[in-house]
Amino acid sequence: MAESKVVIVGPSKSGKTCYLSTLAVAGWKRAAASESYSNDGSSDLRCVVKPINQAMQDLSKNAQKIVIEGRFPINATMQVSNCEFDFEVEVPRRKFLGGNAWVKHHSHVHAIDGPGGSIFGTIGGVATVDERLKEYREQLVSHAKVADGLLLCIDATDEESAGAYFIDLPDLIQELEHWPFKRLVILLTKAEKLVPHELGAIDQLKSMSAAKYVTYLIGPTLGMLRSYGADVPIACGWCSAFGFVPGEGTPNYNPQSEEDDQLLSVLPGMTMPQKIRSWEPFRMLEPLIYLASGERGSLELIE
Ligand SMILES: Nc1nc2c(ncn2[C@@H]2O[C@H](COP(=O)(O)OP(=O)(O)OP(=O)(O)O)[C@@H](O)[C@H]2O)c(=O)[nH]1
Ligand SMILES: [Mg+2]
């Protein structure tokens, strides 16, 4: 079994915890043969996410519960949690004389989730002098030093976070002393909010280039990453924990709500099966598929 260790990094509120919370359900949706679920990239790859420790189980369960209520209130993370899960992906390899042979990649993933402010404290008002944050930072750095994969989250709707990356990410990379990562993904979260709140908006998002958007947001920071992780390609893509309303393609958040946590699809009077079906996270698994197997799906490489 291939063991891989992934570190998830991103400024406060960039969607790290929601990302982890949503993975298990995204895996079930993909595996449910009765649902024509095509929102997670190439559907010919079989994959499964199995929480194996309490931290990951708690996150997944929390997301399952709150989504039934039509709200997604995830609190800011105040400690480092070591979320462990098994991730399996089977990738078809075309055989010489036709047909497919399946190659299984099996990762035991340790995903470290911690408060964004411990790494990205300069912009956004989180004081890095805070002793607790310093301690969290040390833990994250020690995990990152032996990680194979780096998943950087950026809130696609928050241009300010480009400043956080520009100012604070170089310090973190320097602290690692050597570049440990074999694969790197830059993930644009909350992507459903970037397109107009209308029917079919999902197709607009699918036609937009994540690579161009990442380059626009953090171009010079990419140069810094390149100079440290010379040969490691930079993959990037869109994702959304809220997703789009199934069958309609409308972004699944309530634009009238003040809070950033209300799903549009869960309406009073809906049956429970309807509620459960109406939550379809968008492209949550592709980063993990790539980190485990190198299969890119819809992730784009930055040239
Ligand atoms: N609309 C929308 N909101 C999202 C999505 N993912 C996360 N959010 C919201 O963004 C806010 C921050 O998400 P978190 O997952 O807590 O972010 P975090 O990076 O873990 O933040 P810290 O723990 O503070 O470092 C929450 O209010 C979420 O409800 C998404 O896909 N769409
Ligand atoms: Mg968090």
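Quick note on our numbering: the sequence shown kicks off at 750 and runs consecutively.
We put the beta carbon where it would ideally sit given N, CA and C, even for glycine.
Please read all numbers here as calculations on a predicted model, not as lab measurements.
#1: Tell me whether Asp862 counts as near ligand 2, meaning its Cβ is closer than 7 Å to at least one heavy atom of that ligand.
#2: Between the alpha carbons of Cys902 and Tyr768, how many angstroms are there, rounded?
#3: Hey, is Ala825 close to ligand 2, as in C-beta under 7 Å from one of its heavy atoms?
#4: On the criterion of 16 or more Cβ atoms from any shown chain inside 10 Å, does Met1033 qualify as buried, or is it exposed?
#5: Please indicate yes or no: does the CB of Lys765 lie closer than 7 Å to some heavy atom of ligand 2?
#6: Just grab the DSSP bridge partners of Gln1023 for me.
#7: Take the Cβ of Tyr962 as the centre, count every other Cβ of all protein chains shown within 10 Å, and call the residue buried at 16 or more, exposed below.
#8: Following the continuous alpha helix (DSSP H) through Gly968, name the residue where it begins and the one where it ends.
#9: Using the beta-carbon count (16 or more within 10 Å), is Trp851 buried or exposed?
#10: Kindly indicate which three-state DSSP category His892 falls into: helix, strand or coil?
#11: Relative to the C-alpha of Leu966, which residue among Tyr1002, Asp907, Leu794, Pro1004 is closest?
#12: In this structure, what does DSSP give as the bridge partners for Gln828?
#13: Gly823 lies in the alpha helix (DSSP H); which residues open and close that run?
For this structure:
#1: On the sequence shown, residue 862 is found 113 positions in, with the first residue counted as 1. Yes; taking the cut-off as 7 Å, the Cβ of Asp862 has a heavy atom of ligand 2 nearer than that.
#2: Within the sequence shown, the letter at position 153 stands for residue 902. Within the sequence shown, the letter at position 19 stands for residue 768. Taking the straight line joining both Cα atoms gives about 9 Å.
#3: Against the sequence shown, residue 825 aligns to sequence position 76. Of the heavy atoms belonging to ligand 2, at least one sits nearer than 7 Å to the Cβ of Ala825.
#4: Taking the sequence shown and counting its residues from 1, the one referred to as residue 1033 is at position 284. Buried.
#5: Reading the sequence shown from its first residue, position 16 is the one you call residue 765. Flag set: Cβ of Lys765 near ligand 2.
#6: Translated into positions along the sequence shown, residue 1023 becomes position 274. Partner(s): none; Gln1023 has no beta bridge.
#7: Taking the first residue of the sequence shown as 1, we reach residue 962 at position 213. Under this definition Tyr962 is a buried residue.
#8: As a first step, residue 968 is located in the sequence shown; it is residue number 219 there, counting from the start. Per DSSP, Gly968 belongs to the alpha helix (DSSP H) from 959-977.
#9: As a first step, residue 851 is located in the sequence shown; it is residue number 102 there, counting from the start. Answer is exposed; the Cβ neighbour count stays below 16.
#10: Stepping through the sequence shown from its first residue, residue 892 is reached at position 143. In the structure shown, His892 adopts helical secondary structure according to DSSP, grouped into three states.
#11: Here residue 966 refers to the residue found at position 217 when the sequence shown is read from its first residue. If we check each option's Cα against that of Leu966, Asp907 comes out closest.
#12: Taking the first residue of the sequence shown as 1, we reach residue 828 at position 79. Beta-bridge pairing links Gln828 to no other residue.
#13: Residue numbering aside, residue 823 sits at position 74 when the sequence shown is read from its first letter. Contrary to the premise, residue 823 reads as Ile rather than Gly in this sequence. Counting along the chain, Ile823 falls outside any alpha helix (DSSP H), and DSSP gives it neither H nor E.
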